[in-house]
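**Student:**
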Amino acid sequence: MHVIALENHPSSLRGGQELFLLDACRGLSRRGHDVSLLYLNEGNLLEDYQKICTHIAKVDSFKLDRSTIARGFNFLADIWKTPTSQDSVVFSNRYHDVLFGSALAFAKNIPHVCALQLPPLEHDFPRPLALGLKGVKKFIAVSNKTKLDWVKSGFDSEKIYIVHGGTNPDIFKPFCDFSLIRKEWNIPENTRIISYVGRLDPEKGLETLIKAFALLPKGNVNTRLLIAGKPLSQREEYKKSLEQLAIASGVEEDVNFLGHVANPTSVYQVSDVTVLPSLWSEPFPRTNIESMACGTPVVASRTGGIIEILTGEFEKGLFEPGNEQDLAATLSQILDWRD
Numbered sequence: 008m009h010v011i012a013l014e015n016h017p018s019s020l021r022g023g024q025e026l027f028l029l030d031a032c033r034g035l036s037r038r039g040h041d042v043s044l045l046y047l048n049e050g051n052l053l054e055d056y057q058k059i060c061t062h063i064a065k066v067d068s069f070k071l072d073r074s075t076i077a078r079g080f081n082f083l084a085d086i087w088k089t090p091t092s093q094d095s096v097v098f099s100n101r102y103h104d105v106l107f108g109s110a111l112a113f114a115k116n117i118p119h120v121c122a123l124q125l126p127p128l129e130h131d132f133p134r135p136l137a138l139g140l141k142g143v144k145k146f147i148a149v150s151n152k153t154k155l156d157w158v159k160s161g162f163d164s165e166k167i168y169i170v171h172g173g174t175n176p177d178i179f180k181p182f183c184d185f186s187l188i189r190k191e192w193n194i195p196e197n198t199r200i201i202s203y204v205g206r207l208d209p210e211k212g213l214e215t216l217i218k219a220f221a222l223l224p225k226g227n228v229n230t231r232l233l234i235a236g237k238p239l240s241q242r243e244e245y246k247k248s249l250e251q252l253a254i255a256s257g258v259e260e261d262v263n264f265l266g267h268v269a270n271p272t273s274v275y276q277v278s279d280v281t282v283l284p285s286l287w288s289e290p291f292p293r294t295n296i297e298s299m300a301c302g303t304p305v306v307a308s309r310t311g312g313i314i315e316i317l318t319g320e321f322e323k324g325l326f327e328p329g330n331e332q333d334l335a336a337t338l339s340q341i342l343d344w345r346d
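So the mapping is simple: my numbering equals the position in the sequence shown, first residue as 1, plus 7.
1. So what does T281 bridge to, in DSSP terms?
2. Identify, in the order they occur along the chain, each residue of the same chain with its Cβ nearer than 8 Å to the Cβ of W192, setting aside the five sequence neighbours on each side.
3. Name the DSSP bridge partner or partners of H119?
4. So A221 packs on V258, CB below 8 Å; how close in whole Å?
5. Rounded to whole angstroms, what's the CA-CA distance from G329 to R309? Just pull it up for me.
6. Look up S256 in the DSSP assignment and say whether it is helix, strand or coil.
7. Taking DSSP's pairing of strands, which residues face S43 in a bridge?
8. In whole angstroms, what is the alpha-carbon distance linking A219 and L334?
9. Check whether the Cβ atoms of L207 and L140 sit closer than 8 Å, and answer yes or no.
10. Could you please give the first and the last residue of the uninterrupted alpha helix (DSSP H) stretch that includes R189?
11. Specify the secondary structure class of I341 as computed by DSSP and reduced to three states.
12. When you compare the CB positions of L106 and L138, do they come within less than 8 Å of one another, or not?
13. Between which two residues does the alpha helix (DSSP H) holding A269 run?
14. Considering only C-alpha positions, which residue in the set S18, V10, F27 is nearest to P290?
15. Should Y275 be labelled buried (16 or more other beta-carbon atoms within 10 Å of its own) or exposed?
16. Thinking C-beta only, is C121 closer than 8 Å to F146?
17. Could you tell me whether the Cβ atoms of I194 and L213 are closer together than 8 Å?
18. In this structure, does DSSP put T230 in helix, strand or coil?
19. Between which two residues does the alpha helix (DSSP H) containing F27 stretch?
20. Just list the alpha helix (DSSP H) runs in the stretch 121-198, keeping only unbroken ones of 4 residues or longer that don't cross its boundaries, in chain order.
21. Have a look at E196, P176, D177 and flag the residue whose alpha-carbon is nearest the alpha-carbon of F185.
22. Can you name the start and end residues of the alpha helix (DSSP H) that T89 belongs to?
23. Quick one, which of I59, K159, D343, R37 has its alpha-carbon nearest N227's?
24. If N174 and R293 are in contact, beta carbons under 8 Å, what's the gap, nearest whole angstrom?
25. So, at 7 Å on beta carbons, what are the nonlocal neighbours of L252 in its own chain, with the 5 sequence-adjacent residues on each side left out?
26. Assuming L13 and V97 form a contact by the criterion Cβ under 8 Å, report the distance between their Cβ atoms to the nearest whole angstrom.
27. Within a Cβ cutoff of 8 Å, which residues of the same chain sit near F321, ignoring the five residues on either side of it in sequence?
28. Based on DSSP bridge pairs, tell me the residues matched to F326.
29. Whole angstroms is fine: what's the gap from F162's alpha carbon to I316's?
30. Taking only the alpha-carbon atoms, compute the straight-line gap between E243 and K237 and give it to the nearest angstrom.
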């Protein structure tokens, strides 16, 4: 099989969607399949793709821009010059890019598959996007909740398959010596570490986390909060607002903003618990399964696909979104699990 993957921005700085595609392409390549990548914007994952792809090309746009004749010509030219074979499949990593994917599939007479990693729009899809979605043969949803959202939006349930996200156990695994990694991070033994890994974005609910952290009872054991991640472009003011909230809550000395961490494995390994305080319906957050693969329990909002991850004995880590009191109480119950 030859998979032609469409990616807007192959960068690890944006979030889980981009890493999802890279992992999928790696897995396909290891199984002997050919992988091609068509992308729009340069990103730090291109070097990884160069190791596994037989063909990589930068395209002008995944949207048909009719504002100029040149842009429309480039759209068609990018489709025409994309190499395909009888066993080729177009794979759109975002539903936003399906117009190009469906046009390519139609022109080359090959199937088009689209990943559903986000909920559908709350309003009607723009005509070009709706047209592109009609050209998709099959959809792959990352969670039952995501599939349900799309079915409610009018899409055929029979065309949507569910494939929960996974993680690489060779990368995300428990550290062999917990005391040693604590020493490497200069963390005293009597300190509990709460961590967050992900984008600094209002929808992630970091205000709830900082407020809950301030509510934790002060005892003989010290507690620190590590926040690993950075805002998307032009949103540095949001990080500053979080820093101000930590100051206003009186916990600025115990809250550390680490910035973007390229390999968050050690953050999970050094932590006692990882928190995802999202306010929105997370489709299937990979940070949850990465943390659990490292042996670190997760506390997360009871929303979206998170409830498909924290099941059984892990369900006790769920709390109501936006409720700092509930989050603080949940953390208090789980934080000392090593004792």
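Where a beta carbon is used, it is the ideal one built from N, C-alpha and C, also for glycine. Note that the structure is a prediction, hence the values are computed from the model and not measured.
**Tutor:** Based on what the coordinates show:
1. Working through the sequence shown from its first residue, we reach residue 281 at position 274. Looking at the DSSP assignment, T281 forms a beta bridge with S202, V305.
2. Counting from one through the sequence shown, the residue named residue 192 turns up at place 185. Only residues of its own chain outside the window of five on either side were considered, and among them S273, V277 have a CB closer than 8 Å to the CB of W192, listed in chain order.
3. Taking the sequence shown and counting its residues from 1, one reaches residue 119 at position 112. For H119, which the question treats as bridged, DSSP gives the partners V97.
4. The residue you call residue 221 lines up with position 214 of the sequence shown. The residue you call residue 258 lines up with position 251 of the sequence shown. Yes, A221 and V258 are in contact; Cβ-Cβ is about 5 Å, under 8 Å.
5. In the sequence shown, counting from the first residue as 1, residue 329 sits at position 322. In the sequence shown, counting from the first residue as 1, residue 309 sits at position 302. Spanning the two alpha carbons is a distance of roughly 10 Å.
6. Here residue 256 refers to the residue found at position 249 when the sequence shown is read from its first residue. Looking at S256 - three-state DSSP - the assignment turns out to be coil, as it is neither helix nor strand.
7. Reading the sequence shown from its first residue, position 36 is the one you call residue 43. Beta-bridge pairing links S43 to I11, H62.
8. Within the sequence shown, the letter at position 212 stands for residue 219. Within the sequence shown, the letter at position 327 stands for residue 334. Inter-residue distance for A219 and L334 is about 6 Å (C-alpha atoms, whole angstroms).
9. The residue given as residue 207 occupies position 200 in the sequence shown. The residue given as residue 140 occupies position 133 in the sequence shown. Here L207 is not near L140, since their CB atoms are 8 Å or more apart.
10. To locate residue 189, count along the sequence shown from 1; it is residue 182. R189 -> alpha helix (DSSP H) spans 185-191.
11. Counting from 1 along the sequence shown, the entry for residue 341 is found at position 334. Note: I341 maps to helix in three-state DSSP.
12. Taking the sequence shown and counting its residues from 1, one reaches residue 106 at position 99. Taking the sequence shown and counting its residues from 1, one reaches residue 138 at position 131. Yes, the pair counts as a contact, with Cβ atoms nearer than the cut-off.
13. Position 262 of the sequence shown, counted from the first residue, corresponds to residue 269. Segment: none, A269 is in no alpha helix (DSSP H) and carries neither H nor E.
14. Here residue 290 corresponds to residue number 283 of the sequence shown, with the count starting at 1. In this structure, F27 is the residue among S18, V10, F27 with its C-alpha nearest to the C-alpha of P290.
15. For this step, residue 275 is matched to residue 268 along the sequence shown. Looking at its Cβ environment, which holds 16 or more other Cβ atoms inside 10 Å, Y275 is buried.
16. Along the sequence shown, one-based indexing puts residue 146 at 139. Along the sequence shown, one-based indexing puts residue 121 at 114. F146 places its beta carbon less than 8 Å from that of C121.
17. If you number the sequence shown from 1, residue 194 lands on position 187. If you number the sequence shown from 1, residue 213 lands on position 206. In this structure, L213 does not lie closer than 8 Å to I194 by Cβ.
18. If you number the sequence shown from 1, residue 230 lands on position 223. In this structure, T230 counts as strand in the three-state DSSP scheme.
19. Along the sequence shown, one-based indexing puts residue 27 at 20. Following the DSSP letters along the chain, one finds F27 inside the alpha helix (DSSP H) bounded by residues 23-37.
20. Segments of the alpha helix (DSSP H) lying fully in the stretch 121-198: 134-141, 151-159, 185-191.
21. The count along the sequence shown starts at 1 and reaches residue 185 at position 178. Each of E196, P176, D177 was checked against the Cα of F185, and the nearest Cα belongs to E196.
22. What you label residue 89 is simply residue 82 of the sequence shown in a count that begins at 1. First-last for T89: undefined, no H or E at that position.
23. By one-based count along the sequence shown, residue 227 stands at place 220. When only C-alpha atoms are compared, the closest one is D343.
24. To locate residue 174, count along the sequence shown from 1; it is residue 167. To locate residue 293, count along the sequence shown from 1; it is residue 286. According to the sequence displayed, residue 174 carries Thr and not Asn. With 8 Å as the limit, T174 and R293 qualify as a contact, their Cβ atoms being about 6 Å apart.
25. Taking the sequence shown and counting its residues from 1, the one referred to as residue 252 is at position 245. The beta carbon of L252 is closer than 7 Å to those of E214, I217 in its chain, skipping five residues each way along the sequence.
26. Position 6 of the sequence shown, counting from 1, holds the residue named residue 13. Position 90 of the sequence shown, counting from 1, holds the residue named residue 97. For L13 against V97, the beta-carbon gap comes to about 7 Å, under 8 Å, which counts as contact.
27. Looking up residue 321 in the sequence shown gives position 314. If we look at F321 and ignore the five residues flanking it on each side, its Cβ neighbours are M299, P304, V305.
28. As a working mapping, residue 326 is identified with position 319 in the sequence shown. According to DSSP, which records beta bridges pairwise, F326 is partnered with S308.
29. For the purposes of this step, residue 162 is taken as the residue at position 155 of the sequence shown. For the purposes of this step, residue 316 is taken as the residue at position 309 of the sequence shown. It is roughly 25 Å from the alpha-carbon of F162 to the alpha-carbon of I316.
30. Here residue 243 is taken as the residue at index 236 of the sequence shown, counted from 1. Here residue 237 is taken as the residue at index 230 of the sequence shown, counted from 1. Approximately 8 Å, taken between the alpha carbons.
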